[in-house]
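So for the sequence shown, the numbering used here puts the first residue at 394; every next one is plus one. Data first, discussion second: the structure below is written as structure tokens.
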Amino acid sequence: LTMPSVGVIIKLETDVLQVLDNQGKVRAVRPSDAQPQKKSATAVALDGEQQTVGQGDVVKVTDGPYKGNTGTVRHVFRAFLFLYSPSRMEHSGMFVVRSRQCTLM
């Protein structure tokens, strides 16, 4: 991944990691090219109603392609939220949205 992009591992293969990046694209990354995990336990972003959203919060997507979905915040990077929803089969239930497209539940 390039310097300004981050991602979450969604699948492990023998010599490749499948990574969902902050643009919503899945990339194949060699383990040697992956950087260590950044801790986001204290990272927060603002939702559409100016409330702070952090790791572990449940949000509802109010705008964009995932409108109507709910998910648990697994990782925060700047204005991007990596969400997990067990009802989604694609990308192991992970998807990424901008924080302003969500509201805290």
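Even glycine gets a Cβ: it sits at the ideal position worked out from N, Cα and C.
Inset, instruction - Report the option in Gly417, Val409, Gln411 and Val399 whose CA atom is closest to the CA atom of Val489. - result: Counted from its first residue, the sequence shown places residue 489 at position 96. Closest by alpha carbon: Gly417.
Inset, instruction - Determine which residues share a DSSP beta bridge with Lys404 and list them. - result: Numbered from 1 along the sequence shown, position 11 holds the residue referred to as residue 404. According to DSSP, which records beta bridges pairwise, Lys404 is partnered with Gln411.
Legend entry - Spatial neighbours of Arg493 in its chain, beta-carbon cut-off 6 Å, leaving aside the 5 residues before and after: Translated into the one-based positions of the sequence shown, residue 493 becomes position 100. Closer than 6 Å at Cβ, skipping near neighbours: Gly441.
Inset, instruction - Reducing DSSP to helix, strand and coil, say where Gly486 ends up. - result: Residue mapping note: residue 486 aligns to position 93 of the sequence shown, counting from 1. Helix at Gly486.
Inset, instruction - Tell me whether the beta-carbon of Leu474 lies closer than 9 Å to the beta-carbon of Ala438. - result: Walking along the sequence shown from the start, residue 474 turns up at place 81. Walking along the sequence shown from the start, residue 438 turns up at place 45. Yes. Within cutoff.
Legend entry - Candidates Thr445, Met482, Leu497 and Thr465: closest to Thr455 by CA position: Locating residue 455 in the sequence shown gives position 62, where the first residue counts as 1. For the residues Thr445, Met482, Leu497 and Thr465, the minimum Cα distance to Thr455 belongs to Leu497.
Inset, instruction - Measure the CB-CB distance between Gly464 and Val452 and report whether it falls below 9 Å. - result: What you label residue 464 is simply residue 71 of the sequence shown in a count that begins at 1. What you label residue 452 is simply residue 59 of the sequence shown in a count that begins at 1. A contact, by the Cβ cut-off of 9 Å.
Inset, instruction - Have a look at the DSSP bridge pairing and note the partners of Ala438. - result: Numbered from 1 along the sequence shown, position 45 holds the residue referred to as residue 438. Paired residue(s): Val446.
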